[in-house]
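Data first, discussion second: the structure below is written as structure tokens.
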Amino acid sequence: MRLVKIVGIVTICVLASACSWFGGDKEIPDIPEQQLYEESIAALELADYQQAVEKLQLLEARYPFGRYSEQAQLELIYAYHKNYEPEAASAAADRFIRLHPSHENIDYAYYLKGLTAFEQDRTFFERYLPIDVSQRDPGAALSSFESFSTLLSRYPDSKYAPDANKRMVFLKNRLARYEIHVADFYMKRGAFVAAANRGRYVVENLKNTPSVSDALAVMYQAYTELGMTDLANSASEVLLTNYPDYNLTTYRKQNKTLLETATFGLLGSSEEPIPPSRPQTNKPISDEQGKTETTERSWFDRVTFGVFE
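Counted from 1, the sequence shown has number 155 at position 154 by the working numbering; the numbering is strictly sequential.
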């Protein structure tokens, strides 16, 4: 029995030290604070952002109250941003702002937070192809706008303020365009109250954007469908006064039958065709004997695209 206990103790000791035999318990050498900081800066200059992140994380963990601690936290925000880690960059910026609210470079933390969110949803294709990003979820755009807005309101003389202001103009236009897309979505589904509210939000909160004219048009169309004549007339008056060349039309919901949808509009139309703006006549076609005939096509001819008739 005693031998069994001895064997068990030896086995436990062997298993406990097995990871160190195979290098699993590797110790990180004790690197001085200044050396760690200099190595992290060198990695940043060489665009080796993954190495810079590791060095700065190690510096902050080993020397949390050292003389390079605050600067290392700022550099870590930048390293996360360049290493395409937006969540980590935003969290690091929030942490720096919370720990050092009176730091002389806190405007840089706000700027980096806004810049990270600004580029968060910009993929490779969106940078080089004409893709309408205003139809995407505006969460990152809103976060970026708020960070830049805080920067401009608290530190208007910051050297990052001019660039932040330009980016805010772009974000404001994008957010306004997104609201118009949502309003159009509501209009197509008959949610006219929601569409009118979206248009009014753009007019009241996103002024001086190119989408204001479309917002007024949505308000006019929605109020017209709701039978609110006074509000519709007010929206059209404001629209045509400020945008006299705008082509204002009344929204008309199109209800397509199943047959019309299946035949791509060739058959089963449930509505009368909209009359043209001016009279039109069918152009006569001369036959071999000099007679004329109108260009009326039968339903069979339209279905077969003119192959059999």
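Ideal placement from N, C-alpha and C gives every residue a C-beta, glycine not left out.
Same chain, Cβ closer than 6 Å to residue i, five either side skipped, listed in chain order
{"i": "L77", "result": "L57 and A93"}
{"i": "A53", "result": "S41, A44, L45 and A80"}
{"i": "I181", "result": "S212 and D215"}
{"i": "A90", "result": "I78, Y81, H82 and T117"}
Environment of residue i [buried if 16+ CB atoms lie within 10 Å]
{"i": "D95", "result": "exposed"}
{"i": "P139", "result": "buried"}
{"i": "T210", "result": "buried"}
{"i": "T117", "result": "buried"}
{"i": "E1", "result": "This structure leaves residue 1 out entirely; the chain is present only between 2 and 310."}
{"i": "A48", "result": "exposed"}
{"i": "Q36", "result": "exposed"}
{"i": "R155", "result": "exposed"}
{"i": "R201", "result": "buried"}
Start-to-end residues for the alpha helix (DSSP H) that takes in residue i
{"i": "A48", "result": "No alpha helix (DSSP H) contains A48, which DSSP labels as neither H nor E."}
{"i": "N174", "result": "A162 to K189"}
{"i": "P87", "result": "P87 to L100"}
{"i": "I107", "result": "I107 to F119"}
{"i": "K83", "result": "S70 to K83"}
{"i": "T225", "result": "V213 to L227"}
{"i": "Y202", "result": "F193 to N206"}
{"i": "S150", "result": "G140 to R155"}
Residues of its chain near residue i, where Cβ-Cβ distance is below 7 Å and the 5 sequence neighbours each way are ignored
{"i": "V239", "result": "L217"}
{"i": "T230", "result": "none"}
Distance CB(residue i)-CB(residue j) smaller than 8 Å
{"i": "L60", "j": "Y69", "result": "yes"}
{"i": "A165", "j": "F149", "result": "yes"}
{"i": "R1", "j": "A184", "result": "Absent from the model: residue 1. The displayed extent of the chain is 2 to 310, so no value can be given."}
{"i": "V194", "j": "L232", "result": "no"}
{"i": "L113", "j": "Y79", "result": "yes"}
{"i": "V213", "j": "V204", "result": "yes"}
{"i": "M188", "j": "A236", "result": "no"}
{"i": "L152", "j": "S159", "result": "yes"}
{"i": "A142", "j": "R175", "result": "yes"}
{"i": "Y109", "j": "Y161", "result": "yes"}
{"i": "H104", "j": "E71", "result": "yes"}
{"i": "G67", "j": "E34", "result": "yes"}
is_contact[residue i, chain B] using C-beta, thresh 8 Å
{"i": "V213", "result": "No chain B appears in this structure, which consists of one protein chain only."}
Any non-hydrogen atom of the ligand GDP closer than 7 Å to residue i Cβ
{"i": "Y112", "result": "The model on display carries no ligand, and the ligand GDP is accordingly not part of it."}
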